[in-house]
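In this note's numbering, the protein residues as written are 33 to 231.
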């Protein structure tokens with residue numbers, strides 16, 4: 033659920049684009065912008081949560097991120113302004129991507145390379161199922177309820193995930209809590225990743 037919560041937020045929402053456009057009485061450009069803002073935040077957030085999880089451990093950044101996701105999803109249900117909605121989608125992605133980044137870090141903390149490869153493969157299966165099933169589920173919700181029900185569902189899933197992390201997840205890297213952040217090391221890591229041809 034940690035690694036799938038952000039992708040769910042995109043794929044469940046896709047069938048609702050025309051409904052959102054009608055509801056806000058806006059144009060398709062602004063409606064599509066609510067998707068673009070999500071993807072931008074999703075990309076930026078992954079650069080943020082990596083260093084944060086190396087400073088504060090895995091659990092606290094995960095909880096903070098999912099909290100942002102929960103609050104943003106809730107306000108997406110009640111907001112009546114398209115520009116505020118676009119901003120909320122940005123913060124929803126910024127919070128939700130914490131799960132994607134930190135779930136992988138936790139696997140690296142807890143398992144050896146061979147075992148981790150198996151866990152990552154399993155995570156990829158679930159991550160692949162989300163884009164396939166989520167639009168259908170979103171469509172079913174739209175069949176019986178308004179587009180707001182999609183964000184109400186995401187809000188409920190966020191609450192569930194927050195509680196699972198809070199009460200069910202032990203800190204997998206307690207030794208990192210006292211580690212000092214180094215801008216130089218962070219930039220060096222980013223440079224290494226961006227210069228990797230396979231990446």
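All residues carry an ideal CB built from backbone N, CA and C; glycine is no exception.
Keep in mind it's a predicted model, so treat the numbers as computed, not measured.
- Counting along the chain, the unbroken alpha helix (DSSP H) around residue 39 starts and ends at 37–43.
- The beta-carbon separation of residue 35 and residue 132, rounded to 5 Å, stays under the 8 Å limit for a contact.
- Under the DSSP assignment, residue 63 falls in the alpha helix (DSSP H) whose first and last residues are 60–88.
- Between the alpha carbons of residue 156 and residue 165 lies a distance of about 14 Å.
- Collapsing the DSSP output to three states places residue 191 in a helix.
- Close CB contacts of residue 143 within its chain, under the 7 Å cut and outside five residues either way in sequence, are with 151 (chain order).
- Less than 9 Å separates the beta-carbon of residue 114 from that of residue 58.
- Spatial neighbours of residue 56 in its own chain (CB-CB distance under 6 Å, excluding positions within 5 residues in sequence) are listed in chain order as 114.
- When 89, 42, 201, 202 are compared, the shortest CA-CA separation from residue 121 is found for 42.
- For residue 141, the enclosing alpha helix (DSSP H) starts and ends at 114–142.
- Our two residues, residue 190 and residue 101, have alpha carbons roughly 7 Å apart in a direct line.
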